[in-house]
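Here's the structure we're looking at; comments come further down.
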Amino acid sequence: MDYYENPELARKLLDVCTHLSIDIGKRLYEVSDTVSAGVTGILRKTIPGIYLTSNCSVDMVSLEIYKEFLLPCDKALAEAFPEFGIHHCGKSMEHVVEGYREVQNLKFTEVGAFSDVKKVREVLPDVFLNLRYSPVRLKNATFEELKNDVVKMARDGYVEGLVSISCVGIGDDVPDEKVRDFLKVVSSIRI
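For the sequence shown, the working numbering gives the first residue as 48, with consecutive numbering after it.
Pasting the structure below:
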């Protein structure tokens with residue numbers, strides 16, 4: 048609500064949080080080469096030294112709100128660290144991807160399940176995309192639906208060396224066979 052009712056307070060709070068994140072990130076780099084693998088484990092295999100910010104709640108704001116309030120935070124973080132990435136686990140990264148394009152030094156994004164991968168790739172052609180598949184969809188999809196979904200994601204996001212696919216948050220109600228099917232499909236993709 049403060050974005051609308053008290054924008055100066057919102058900016059001040061975001062500025063404090065951003066600078067605190069920078070201070071913590073720099074301290075973590077003093078003791079470890081990997082500071083963001085806890086946000087998404089795929090970083091260990093892709094860009095292990097990257098600083099990744101969690102933009103989970105950005106899915107709930109408009110592009111205009113993102114640009115006015117949150118983009119300055121992402122830009123400050125990107126300036127503070129040599130490699131910068133954005134974790135966006137929401138369902139519609141495409142609605143803010145034009146804002147993400149303005150972040151200098153953006154090397155990695157995690158693209159939430161159900162996002163328009165083709166649009167994201169068009170806007171971020173040189174950024175590593177980790178495409179997330181929905182664990183709920185994994186539970187309910189037939190093998191053919193799973194295969195079609197994952198192959199389409201891979202094709203829409205493909206740039207050699209700049210794409211991966213993951214499925215996180217898989218509950219114990221998802222049969223092991225579904226997980227094996229996912230791994231089989233991902234392993235068999237050839238583009």
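Note that beta-carbon positions come from the ideal geometry of N, C-alpha and C, so glycine has one too.
- In the three-state DSSP reduction, S139 falls in the coil class, being neither helix nor strand.
- Leaving aside the five residues that flank E141 on each side, the residues in its chain whose CB is nearer than 7 Å to its CB run, in chain order, S162, D163, K166 and V167.
- About 16 Å separates the beta carbon of K114 from that of G137, a gap too long to meet the 8 Å contact definition.
- Ranked by how close their Cα comes to the Cα of S139, the residues L124, F116 and V108 have V108 in first place.
- T65: member of the alpha helix (DSSP H) spanning P54 to V78, first to last residue.
- With a threshold of 16 other beta carbon atoms within 10 Å, R237 falls short and is exposed.
- In the displayed model, I212 falls within a strand according to three-state DSSP.
- For S234, no beta strand (DSSP E) segment is defined; the enclosing uninterrupted segment is the alpha helix (DSSP H) at D223 to S235.
- The continuous beta strand (DSSP E) containing E157 extends over residues L153 to V158.
- Excluding the 5 residues flanking it on each side, Q151 has same chain C-beta neighbours closer than 6 Å at A125, in chain order.
- In the DSSP assignment, R179 falls within the unbroken beta strand (DSSP E) covering F175 to R179.
- The residue from P95, T87 and Y205 with its alpha-carbon nearest to that of D173 is Y205.
- Comparing alpha-carbon positions, the option among H134, D196 and V221 lying closest to V183 turns out to be V221.
- Secondary structure at S109: coil, using DSSP grouped into helix, strand and coil.
- In this structure G72 is in contact with Y98, their Cβ atoms being roughly 5 Å apart against a cut-off of 8 Å.
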